[in-house]
Amino acid sequence: MSEQTNTDMSKHFYRASAADFMKIPGSPVAYWLTEKWLEMFESTSAISEYSYASEGIKTGNNDRFLRYWFEVNWNDVGALNQENSKWVFHHKGGEYRKWAGNREFVIYWLNDGKAVREMPNSGIQGERLFRQDAAVWSDITSGGFSARLKNKEHLFDSACPAAAFIDGQSIEVLLGFLNSCVVKYLTPIINPTLHFKVGNFRALPYVRAHADVVNKLIDISLCDWNSAETSWDFTSLDISKNVSDDYSMIASAYDDFKKKGDATIQEMKQLEESNNRTLIELCGLQKDLIAEVPINEITINCNPYYRYGNKLRDIELENLYRCDTLKSLVSFSVGCMMGRYSLDKPGLIIASQGETIQDYLAQIPSPKFMPDDDAILPLTDQEWFADDVTNRFREFVKVVWGEETLQENLDFVAESLYLHAIKPKKGETSMEAIRRYLSTQFYKDHMKTYKKRPIYWLFSSGKQKAFECLVYLHRYNEGTLSRMRTEYVTPLMGKYESQIRHIEEQQTSASAVEKTKLDKELKDYQSKLNELREFDSKLKHYADMRISLDLDDGVKVNYGKFGDLLANVKDITGEKPNVT
């Protein structure tokens, strides 16, 4: 089939038999396939003879029935076999990633999905796969086909088909086949579009992989996925774990973290290539395929070539990775400030509506790092409050890595942020750099990390940023806004007024040069005070309303209840603030 014509244009032409195309499911004009490939299609049974595959749930209204898992009460989230789980773990596809991961969504499934089943235009398929381990993949495969593990008791979407063996064979065997170079080569032949449907899956010729290698690949991939706080099985940030005298420096902890990550990438590469070699040999395709896996196709987040793409220089990838790792540390520290996480206990601590600092202390009576009592954290470009995020981050670093190396560690954090998050500023101290990152960039990163469904909400007075603070969604209550006024906004107005009086006093004896500088400062403080007074008036209005939230409604709905008190409203709700 691939024999080239003996003409001057031979490199542009192939001889092919129309009968050969009939050997391939769907009869695609795959003229370049060798005899070995054709033999495989002829002699090997289709995977449909051994497996069952199906699309999953079509809700008919995703806005109503699907949420990112971190939007709702954690106490209401679980698997199918957990009694009274209102929200059930749900696979919805996602980016190119092999083996395990893309576990982000939950589906409203109270009373066995009664509300979804009754929804017009909904459709429930593949129920026989709901309660068993299965391989799932994204219907749209712009980054290439990739399959992942779906645990039993997890559900799956119509845009995320699933498959499992009819005879109960290990799902690892199926994943080993689907993520091999053999299937990578076949998928664009069977369906040359961006989609890979259930029918396309059924047409694949099947060759059995080895489960032992795949078990390791799944374990590594799942461990990597769970190392990020956006995983529902996240326990603690790797760089902050097992801190000892050997790791009193964040730089040393990072170096060790990076070395372990590099070793993991190489181990995963070797395992994937071992899986490929097995299948190449079984199919007799040694002359047609190579087992090597490109580094950017090792789909774990500790791999910069996968995470950022392989078009950047190594130094650029290293800088990005180090910066993002330290940004993750800052984010984890904010989670500890809010009581979401703890240095003393792995996993989520406070993650359900109505839980308070007392619930935290019931689990951890003597925490190394005490969370904020009201989950209101000032986020300002100047130090107006002792408990603002910047000061608390300094305390966090001291608690984790010790006081003796505190300055060196703050320097390392600042230097890491300079690599990509913020531009270096001449004469700036490390604490000033960290404060600048927190007050200007942190929320943007939080929005990106949580895919425009933030769990820490940014209340902002406006363009002047006279006052901004973070409030933890799961600890918000009807009295939060009143406390924000009394504990922060009202005192800050007094501080601005005092600062204005102080500048005015200085002006009376200032030189011409000094007076110009003081005039600018005075104007700045007066603008901020005016903005803060206006914000305070609006804050009082909404505080008197005693707004309640129903986390089942999701962040998109709840974020829109506070008019323009919150930042980035349109980015989250899709509409301009509704000011009442």
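All letters in the sequence shown, in the order written, are residues 9 to 588 by the numbering used here. The beta-carbon is built from N, C-alpha and C at its ideal position, and this holds for glycine as well. Note that the structure is a prediction, hence the values are computed from the model and not measured.
Shown here, residue 65 sits in a strand according to DSSP, grouped into three states. In this chain, the alpha helix (DSSP H) harbouring residue 231 covers 219–233. With respect to the 8 Å criterion, residue 64 and residue 141 are not classified as neighbours on the basis of their beta carbons. When C-beta atoms of the segment 275–282 are compared with those of the segment 417–436, fewer than three pairs fall below 8 Å, so the two segments do not count as touching.
Residue range 189–198 is occupied by the alpha helix (DSSP H) that includes residue 192.
Residue pairing by DSSP places residue 163 opposite 98 in a beta bridge. If you check the CB distance, residue 161 and residue 87 come in under 8 Å.
In the DSSP assignment, residue 342 falls within the alpha helix (DSSP H) that extends over 322–346. The C-beta separation of residue 331 from residue 48 comes to about 46 Å, leaving the pair out of contact by the 8 Å criterion. For the set 204, 185, 104 and 176, the Cα lying nearest the Cα of residue 151 is the one of 104. The residue from 575, 242, 346 and 154 with its alpha-carbon nearest to that of residue 145 is 154. Around the C-beta of residue 443, 16 or more other C-beta atoms lie within 10 Å, and the residue is accordingly described as buried.
Exposed is the label assigned to residue 270, since fewer than 16 other Cβ atoms lie within 10 Å of its Cβ. Residue 479 is not a Cβ neighbour of residue 547, given a cutoff of 8 Å. In the DSSP assignment, residue 123 falls outside any beta strand (DSSP E) and within the unbroken alpha helix (DSSP H) covering 118–125. Annotation for residue 84: 94 and 95 place their beta carbon closer than 6 Å to its own, counting only its chain and skipping 5 residues before and after. Residue 409 and residue 320 have their C-alpha atoms spaced approximately 33 Å apart. Within the same chain, 286 come within 6 Å of residue 218 by CB-CB distance, once the 5 residues on both sides are set aside.
About 5 Å separates the Cβ atoms of residue 171 and residue 143, confirming a contact at the 8 Å cut-off. Cβ-Cβ distances below 7 Å link residue 300 to 281 in the same chain, with the five nearest sequence neighbours on each side left out; the list follows chain order.
Within the same chain, Cβ atoms closer than 7 Å to the Cβ of residue 588 are found at 571, the five residues on either side in sequence being excluded. Look at the beta carbons and you see the segment 448–463 touching the segment 329–346: at least three pairs across the two are nearer than 8 Å.
Unbroken alpha helix (DSSP H) runs of no fewer than 4 residues, entirely contained in the segment 263–300, are not found. Looking at the DSSP output, residue 59 shares a beta bridge with 173. Residue 167 holds the alpha-carbon nearest to the alpha-carbon of residue 131 among 167, 156, 148 and 476.
Contact fails between the segment 408–427 and the segment 514–529, because fewer than three Cβ pairs, one in each stretch, are under 8 Å apart.
Residue burial annotation: residue 424 is buried, with at least 16 other C-beta atoms found within 10 angstroms of its C-beta.
If you keep only unbroken alpha helix (DSSP H) runs of at least 4 residues inside the segment 435–486, you get 438–448 and 450–457.
Rounded to whole angstroms, residue 552 and residue 495 show a C-alpha spacing of 16 Å. Distances from the CA of residue 188 to each of 207, 53 and 221 were compared; the closest alpha carbon is that of 221. Sorting 499, 205, 447 and 579 by C-alpha distance to the C-alpha of residue 148 places 205 at the top. When the five nearest sequence neighbours on each side are left out, the beta carbons in the same chain lying within less than 6 Å of the beta carbon of residue 244 are those of 354, in order along the chain. For residue 541, same chain residues with a beta-carbon under 6 Å away, outside a window of 5 residues either side, do not exist.
It is roughly 31 Å from the alpha-carbon of residue 367 to the alpha-carbon of residue 576. Comparing alpha-carbon positions, the option among 515, 563 and 163 lying closest to residue 67 turns out to be 163. Taken in chain order, the unbroken stretches of alpha helix (DSSP H) that lie wholly in the segment 350–428 and span 4 residues or more are 365–371, 397–409 and 414–426.
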